[in-house]
Amino acid sequence: MSGVSTETTTDQAPLQAWLPTMLVLAAIWGCSFLFISVGVRELPPLYLALGRVIAGSLVLVTILAVKRESLPREPRLWLHSFVVGAIGSAIPWTLFGYGEQRIPSLLAGIWNGITPLIVLPIAVLLFRTETFSLQKVSGLIIGFAGMLVVLGAWNVEGGADLTGQALCMLAAVFYGLAIPYQKRFIAGTTLSGTALSASLLLCATVQLAIVAPIVTRQAPPAPWSLSIEVVLSVVALGALGSGLAFVLSLRNIRLIGASRSSMVTYLMPVFSILVGVIVLHEHIAWYQPVGGLVVLLGVAVSQGLLASLRRKPAVVAPATTG
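Residue numbering for the sequence shown follows full-length UniProt numbering, beginning at 1 and increasing consecutively.
Here's what the structure looks like:
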């Protein structure tokens, strides 16, 4: 997940200053579903998620050490970090792993794109950090229709495919819970996003280290017993997807603000589909990418992206990533 910035700006930075970074972010987060698909070939999803948070924690703690920044010291922040570490990292990353044991990685990437649609009703009804409008409701309706198309609701017969899609959808729901929770309980801190994200990943590491052996009923496999592809996938998920990508995301937020930075959400499924087809030779039904486009249209409508093409965009909370 992306971190929380207490305030963002929308400086008119030149296109060449932020667009390459956005494309790199979309590639890293879009390819994360490929790495998950490779990782679950040899690792239980819980241990894959554990390896990811460990690698991400090491990267962010190293960055903090280089910058001479400290982790949060307030017990209140650690309590909220423990909650967000669970609902924003440990649980959804595990669910995506179980989901990708049943469906192609590119389809999981499409489901990740529904996160902003999940955030809105939760933020309005549960946390009261947003309000409904005709525009937002219209976007939700369009997005829900797109979700039904992705599922192929007219010919769903159950089985592994439906279960896998439901697990990935549930992962997006947890992302949707985590974003407004952060906005409500953590966003007011003066600590850097790097320090906050490191605390979230450290909490998720503790949680998964306890839960994984209990649920799987087995000890973690030795790293040298895994193939090089799986080891590199775990490292990429943590060091790139949860470490480097966060630093790049913060850079873009500072340059162009959270609203325009969150447009990376629209690019991620493109990369997840491309790498799934090219690298893993995956295949999906025609209606699944079509439904994904409808979902992204719903997200664009609900966030006012279409209207923002004619005016300066409003500042909103950054979107969750895969």
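Ideal placement from N, C-alpha and C gives every residue a C-beta, glycine not left out.
Sequence-distant residues of the same chain with beta carbon closer than 6 Å to residue i, five excluded per side
i	result
residue 5	Any reading at residue 5 needs caution, since the residue's pLDDT is 38, under 50, leaving its predicted position unreliable; the model's value is listed next. So the qualifying residues of the chain are 193 and 253.
residue 55	235, 238 and 239
residue 171	92, 95 and 96
residue 267	26
residue 340	No information on residue 340 is available, as it lies outside the stretch 1 to 322 that the chain covers here.
residue 14	none
Extent of the continuous alpha helix (DSSP H) run through residue i
i	result
residue 135	134–151
residue 119	115–125
residue 16	15–39
residue 94	91–99
residue 85	75–85
residue 110	105–112
residue 57	45–67
CB contact flag (residue i, residue j, <9 Å)
i	j	result
residue 201	residue 60	yes
residue 77	residue 199	yes
residue 58	residue 272	no
residue 149	residue 290	yes
residue 221	residue 42	yes
residue 292	residue 174	no
residue 295	residue 143	yes
residue 21	residue 251	yes
residue 64	residue 71	yes
residue 113	residue 285	no
residue 111	residue 241	no
residue 38	residue 270	no
residue 139	residue 302	yes
residue 181	residue 279	no
residue 81	residue 186	yes
residue 36	residue 233	yes
Other residues of its chain near residue i: CB distance less than 7 Å, five sequence neighbours each side excluded
i	result
residue 131	124
residue 46	94, 208, 211, 212, 215 and 216
residue 24	248
residue 288	107, 110 and 150
Own chain residues within Cβ distance below 8 Å of residue i, not counting five before or after
i	result
residue 141	298
Any C-beta of chain D under 9 Å from that of residue i
i	result
residue 93	Looking at the structure shown, chain D is missing, and only one protein chain is on hand.
Discussion item. Please give the ranges of any alpha helix (DSSP H) in the UniProt domain "EamA" (163–301), keeping only runs that are unbroken, at least 4 residues long and fully inside the region.
Written reply: Correct list: 193–216, 228–235, 245–261 and 264–278.
Worksheet item: With contact counted as at least three CB pairs below 8 Å, one residue from each stretch, are the stretch 161–175 and the stretch 100–112 in contact?
Response: Flag = yes, the stretch 161–175 and the stretch 100–112 touch.
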